[in-house]
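Residue 155 in numbering that gives the first Met the number 0 sits at position 156 of the sequence shown, with consecutive numbering throughout.
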Amino acid sequence: MVLTQWSQHREQNWQSLWNRGLVSLYIILYFLEGVTRYKHIVAALLYLTAITYIVKYRSHILRLFKNNLTAALLTFLAAIIYSIFISIDPLYSLDKAANAVFEKLVVIALIIPVVLHNESRDDVAKTFIYALIAAIIPLAIADLWQYIEEYQRGILPFSQFSHKYKSDALIFMTPALLYLWTLKRCRTMLIFLALGLIAGLMIIGTLQRGTWLAIGVTSVIWAIVRREWKLPALALAALALFFTVSHHYDPGHFAKLFHKMQQTSSSGRYGNGTQGSAVDLIMENPIKGYGFGDDIFYRVYNERIKDYPQWIFKKAIGPHNLTLATWYAAGVIGLAALWYLLLSLGREAVRGYRRSEGITRNAWLTLGLILVGNMVVRGAFETVNISNLGMLLGIALALRAKEKQA
């Protein structure tokens, strides 16, 4: 009897390690470039694990998705399917949606809670937070390697926009990193300071004001919610020291960085810029939309430029706004579905934060801050990758399911 119980306990431990390890690997690899093969392997293992659990525990698994969050996700999926049918190039839209929405958003959002269905709330929260923190290290190594290669070609650090693609990753990782500060232990504080310094330099290196604003807004919200003022003061002092030393060391080297900090223009986003021109096209077809995919926007824009000589950009570079991009693609149905999904996830994060404690509470806070920073703040200035929501929705569904069972 004792031997049987010990064997079952050991099997459960290995199963838990497998489940949490797979989800952690997915999160760590998600924002890395050049590791597509490993991403596919991890995704395939996630699919197989999820299918196994669905076959074994079908009735229990189905209960995970009886909630408003799943309804919001399926509503958004329906809007994207609609955008494929009305597209000026349905095959192109289907190809783009298959990867960005069906696979990376919907499937991942549904698979993560299935794989984590047997884990405790705290284990789900730890998996989410610590995977994002661990992801800083490979991202920093890749960033450093890129700087070394650029330096060998005569390109100095903080002088090019080639590091901006790390923006989404840093917006995701920063709120998770802030959790280490709340532990108030010597070792975790040292880890926080080391990773914070690395992340801070990467954030500056993006040279993206939208990224800076997104991280700034989420950091302020975190400080208010947590009533933490020492860290913001320390961060401001470190930034002031960095920019003072940079300016005195070589102002010419950091000219682009200082220009971005002092720039007050919208970089051609408003008026007749990227967002203004997108609004012009949307207003021509506000109800129906044009179809899903960046190339759909580019084609229509480039065809219609002759009718809008006042547009700043003579060749399409995108709407640079998540809401406008979705409205353009799927009309008012897509617009309503997008904000139904975002507001549902935001509401779930607030509700989860209020009803939980410990690391689970911090996981809900981290999730909510990422949503605000990436989808709302940065989404107001860039066409954010909608598939980023897949991870957040998956973790939210997993946490919500455990909360309901408690």
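Ideal placement from N, C-alpha and C gives every residue a C-beta, glycine not left out.
Which residues mark the beginning and the end of the alpha helix (DSSP H) in which Ile385 is found?
Sequence index remark: in the sequence shown, residue 385 carries index 386 (1-based). Segment: none, Ile385 is in no alpha helix (DSSP H) and carries neither H nor E.
Between Phe291 and Ile79, which are expected to be in contact by the criterion C-beta below 8 Å, what is the C-beta distance as a whole number of angstroms?
For this step, residue 291 is matched to residue 292 along the sequence shown. For this step, residue 79 is matched to residue 80 along the sequence shown. Between Ile79 and Phe291 the Cβ distance is about 6 Å, and since that is below 8 Å, they are a contact.
Should Ile394 and Val123 be called a contact, given that it needs their Cβ atoms to be closer than 8 Å?
Mapped onto the sequence shown, residue 394 falls at position 395. Mapped onto the sequence shown, residue 123 falls at position 124. Closer than 8 Å, so yes.
Just to confirm my understanding: we take Pro285, look at its own chain, exclude 5 residues before and 5 after, and list those with CB closer than 8 Å. What are they?
Taking the first residue of the sequence shown as 1, we reach residue 285 at position 286. Once the five neighbours on either side are set aside, the close Cβ partners of Pro285 are Trp326, Gly330, Val331.
With three or more beta-carbon pairs closer than 8 Å as the criterion, would you say the segment 44-61 touches the segment 153-170?
no
What is the DSSP secondary structure of Asp88, counted as helix, strand or coil?
In the sequence shown, the residue the question calls residue 88 occupies position 89. Asp88 falls in the coil class under three-state DSSP.
Skipping 5 residues on each side, what residues in its chain have a beta carbon closer than 7 Å to that of Arg225?
The sequence position of residue 225 within the sequence shown is 226, counting from 1. If we look at Arg225 and ignore the five residues flanking it on each side, its Cβ neighbours are Thr181.
Note down the Cα distance separating Ile40 from Glu32, rounded to an integer number of angstroms.
In the sequence shown, the residue the question calls residue 40 occupies position 41. In the sequence shown, the residue the question calls residue 32 occupies position 33. Rounded to the nearest angstrom, the two C-alpha atoms are 15 Å apart.
Under 8 Å by Cβ, that's how I've got Gly420 and Lys103 pegged, so tell me the actual separation to the nearest angstrom.
With the chain running from 0 to 405 in the structure shown, residue 420 is simply not present.
Mind checking which residues open and close the alpha helix (DSSP H) that includes Asn301?
The count along the sequence shown starts at 1 and reaches residue 301 at position 302. Its alpha helix (DSSP H) spans residues 293-303.
Candidates Pro308, Val278, Arg350, Arg298: which alpha carbon is nearest Thr322's?
As a working mapping, residue 322 is identified with position 323 in the sequence shown. Measuring from the Cα of Thr322, the nearest candidate turns out to be Val278.
Can you tell me whether DSSP reads Trp221 as helix, strand or coil?
Taking the sequence shown and counting its residues from 1, one reaches residue 221 at position 222. The answer is helix: DSSP assigns Trp221 an H, G or I state.
Exposed or buried, Ser58, counting other C-beta atoms within 10 Å across all chains shown (16 or more means buried)?
Within the sequence shown, the letter at position 59 stands for residue 58. Exposed is the label assigned to Ser58, since fewer than 16 other Cβ atoms lie within 10 Å of its Cβ.
Quick check on Thr320: does DSSP put it in helix, strand or coil?
Locating residue 320 in the sequence shown gives position 321, counting from the first residue. The question names Thr, yet the displayed sequence has Asn at residue 320. It is coil, neither helix nor strand.
Would you mind stating whether Leu176 and Ile132 have Cβ atoms separated by less than 8 Å?
The residue you call residue 176 lines up with position 177 of the sequence shown. The residue you call residue 132 lines up with position 133 of the sequence shown. Against a cut-off of 8 Å, the Cβ pair of Ile132 and Leu176 comes out as a contact.
With distances taken between CB atoms, is the gap from Pro174 to Thr217 smaller than 8 Å?
Indexing the sequence shown from 1 puts residue 174 at position 175. Indexing the sequence shown from 1 puts residue 217 at position 218. Yes, these two residues count as a Cβ contact at 8 Å.
Is the CB-CB distance between Asn301 and Ala324 below 8 Å?
For this step, residue 301 is matched to residue 302 along the sequence shown. For this step, residue 324 is matched to residue 325 along the sequence shown. In this structure, Ala324 does not lie closer than 8 Å to Asn301 by Cβ.
Within 8 Å, do at least three Cβ pairs link the segment 14-32 to the segment 83-98?
no
For Gly195 and His162, which I take to be in contact (beta-carbon distance under 8 Å), what is that distance rounded to the nearest angstrom?
Walking along the sequence shown from the start, residue 195 turns up at place 196. Walking along the sequence shown from the start, residue 162 turns up at place 163. Incorrect: roughly 18 Å between the Cβ atoms, too far for contact.
With a threshold of 16 other CB atoms inside 10 Å of the CB of Met374, please say whether the residue is buried or exposed.
Stepping through the sequence shown from its first residue, residue 374 is reached at position 375. It is buried - the Cβ of Met374 has at least 16 other Cβ atoms within 10 Å.
If I'm right that Leu344 touches Leu391 with Cβ under 8 Å, what's the distance once you round it to whole angstroms?
Taking the sequence shown and counting its residues from 1, the one referred to as residue 344 is at position 345. Taking the sequence shown and counting its residues from 1, the one referred to as residue 391 is at position 392. Yes, they are in contact, since the Cβ atoms of Leu344 and Leu391 sit about 6 Å apart, within 8 Å.
Please confirm whether Gly372 and Ile214 have their CB atoms less than 8 Å apart.
In the sequence shown, counting from the first residue as 1, residue 372 sits at position 373. In the sequence shown, counting from the first residue as 1, residue 214 sits at position 215. A contact, by the Cβ cut-off of 8 Å.
For Val383, collect the residues of the same chain with a Cβ closer than 8 Å to its Cβ; drop the 5 residues on either side in sequence, then sort them by chain order.
To locate residue 383, count along the sequence shown from 1; it is residue 384. Same-chain partners within the cutoff: Asp167, Leu321, Asn373, Met374, Arg377.
For a test of the three-state rule: what should DSSP assign to Glu227, helix, strand or coil?
In the sequence shown, residue 227 corresponds to position 228, counting from 1. Here Glu227 sits in coil by DSSP.
Could you pull the start and end residues of the alpha helix (DSSP H) that Ser166 belongs to?
If you number the sequence shown from 1, residue 166 lands on position 167. That run of the alpha helix (DSSP H) goes 166-182.
Please name the residue, chosen from Leu169, Trp221, Ile311, that lies closest to Arg360 on a Cα-to-Cα basis.
Locating residue 360 in the sequence shown gives position 361, counting from the first residue. Nearest neighbour of Arg360 by Cα position, chosen from Leu169, Trp221, Ile311, turns out to be Trp221.
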